[in-house]
Amino acid sequence: MFVSTFTSPLLLFCIAIALCDARLNRMLSQKHGKLGEPFGHDSVLYSLPPDLWFEQKLDHFNVEDTRTWKQRYFVNSTWFKHGGPVFLMIGGEGEASPKWMVQGAWLDYAQHHNALAVQVEHRFYGKSRPLPDLSLSSLQYLSSEQALADLAHFITSMSASYQLPPHTNWIAFGGSYPGSLAAWLRYKYPHLVHGAMSASGPLRAVLDFPEYFKVATEALATVSPKCVKAVAEATSAISKMLKSTDDAKYLTEQFRLCKPLKIKNQLHKYFAW
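Residue numbers (mature numbering (1 follows the signal peptide of the UniProt record, and there is no 0)): -22 to -1, 1 to 251.
Here it is, written out as structure tokens:
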């Protein structure tokens, strides 16, 4: 059992996180790389836009399937002038935040270019639920290919609804997974999307990606050199502890997890970590 051996690294880990500033805490608290909320003043000072709904196709690649569902989106037309571009913020693997419609650098760009700002929530996340359950039969419709087709259909329909000129430039924005979608959208639908701003978009799938750890190390080092060492030691300790049922129970208690860790096989270890 590793409890006594690795208590110190765990404490170092907790201390390191506590000492890190708000930016780092926010970075580490996000799950699966999903885009969080924008930095800046509290958006309670702003009037958040209402939920809008778009009738979306369930399966874009089966002409016999005519089922549709309601996809959520937001609009900010504060600076828009007819003939200006449309900035499309792409939602990712998490609920879309309306705060992005009142904060963020992309809105500075929208103001400068008199653009219409639009954010679309990704299928199966937040309130955009194509089907009522998450069964395997339902999740077959959760794919980046379907998501890209969602965006293409949205662009075509919204251009008609807003009576946008044929030459209107749509510019896609996204970070992390949505960054990939932004780049892929421009690549796959160049007749619809004039440009894309892809921030940290993982475009090439690789088995081992050590470059990410280099970037993470540099980010931690900007806060404290000791933070890097503490996180590295704690990560190693926790990885070893996940091999033991008793130590998994200890981790559950120490980190006050909502559900106990149950490590039965290698797949469980992966999802636990």
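Yeah, the Cβ is synthetic: ideal placement off N, Cα and C, and Gly gets one too.
Whose CA, out of the options, lies closest to the CA of residue i?
i	options	result
ALA127	ARG164, ALA212 and SER202	ARG164
ALA93	ASN54, GLN124 and PHE102	ASN54
ASP43	VAL201, TYR119, ALA138 and CYS236	TYR119
SER178	HIS172, LEU159 and HIS169	LEU159
HIS60	THR200, GLY72 and TYR140	TYR140
ALA194	ASP186, VAL184 and VAL209	VAL209
TYR167	VAL201, PHE132, PRO143 and ALA83	PHE132
ALA174	LYS207, ILE149, LEU85 and THR200	ILE149
ALA83	GLY153, SER222 and PHE52	GLY153
TRP57	TYR87, LYS35 and ALA215	TYR87
ILE216	VAL201, LEU239 and LEU198	LEU239
ASP29	ASN40, LYS35 and PHE52	PHE52
LYS115	LEU36, LEU85 and ASP186	The sequence shown places Ser at residue 115, rather than the Lys named in the question. With distances taken between Cα atoms, SER115 lies closest to LEU36.
MET136	PHE65, THR213 and THR230	PHE65
Can you tell me whether residue i is buried or exposed, with buried defined as 16 or more other CB within 10 angstroms of its CB?
i	result
GLN81	buried
TRP31	exposed
SER176	buried
LYS192	exposed
ALA156	Here the sequence assigns Pro to residue 156, which means Ala is not the residue at that position. Flag for PRO156 reads buried.
residue 281	Because the chain spans -22 through 251 in this model, residue 281 falls outside it and cannot be assessed.
CYS205	buried
ARG234	exposed
TYR228	buried
ALA95	buried
PHE151	buried
PHE187	exposed
LYS9	For LYS9, the predicted model reports a pLDDT of 48, less than 50, meaning its position is unreliable and no value from the coordinates is stated.
ALA138	exposed
ALA199	exposed
LEU85	buried
LEU129	buried
With a threshold of 7 Å on Cβ separation, who are the neighbours of residue i within its own chain once the five nearest residues in sequence on each side are excluded?
i	result
GLU33	THR46 and LYS48
GLN124	HIS38 and ARG101
PRO143	GLY61
CB-CB under 6 Å to residue i, same chain, minus the five flanking residues each way: which ones, in chain order?
i	result
ARG182	none
GLU99	ARG50, GLY69, ALA74 and SER106
CYS236	none
GLY104	GLU73 and ALA74
LEU2	Any reading at LEU2 is ruled out, since the residue's pLDDT is 46, under 50, leaving its predicted position unreliable.
TYR24	VAL80
THR230	PRO238 and LEU239
Which whole-angstrom value is the C-beta distance of residue i and residue j, which I expect to be below 8 Å?
i	j	result
GLN97	MET67	4 Å
THR134	PRO63	About 16 Å; that fails the 8 Å criterion.
PRO76	LEU26	4 Å
SER121	TRP162	About 12 Å separates the two Cβ atoms, so there is no contact after all.
**Prompt:** Which parts of the stretch 89 to 133 are runs of the beta strand (DSSP E), unbroken and 3 residues or longer, counting only runs that do not cross its ends?
**Reply:** You should have 94 to 98.
**Asked** At which residue ranges does the stretch 170 to 220 contain complete beta strand (DSSP E) runs of 3 or more residues, listed in the order of the chain?
**Response** As for any beta strand (DSSP E) of minimum length 3 sitting wholly inside the stretch 170 to 220, the runs are 173 to 177, ordered along the chain.
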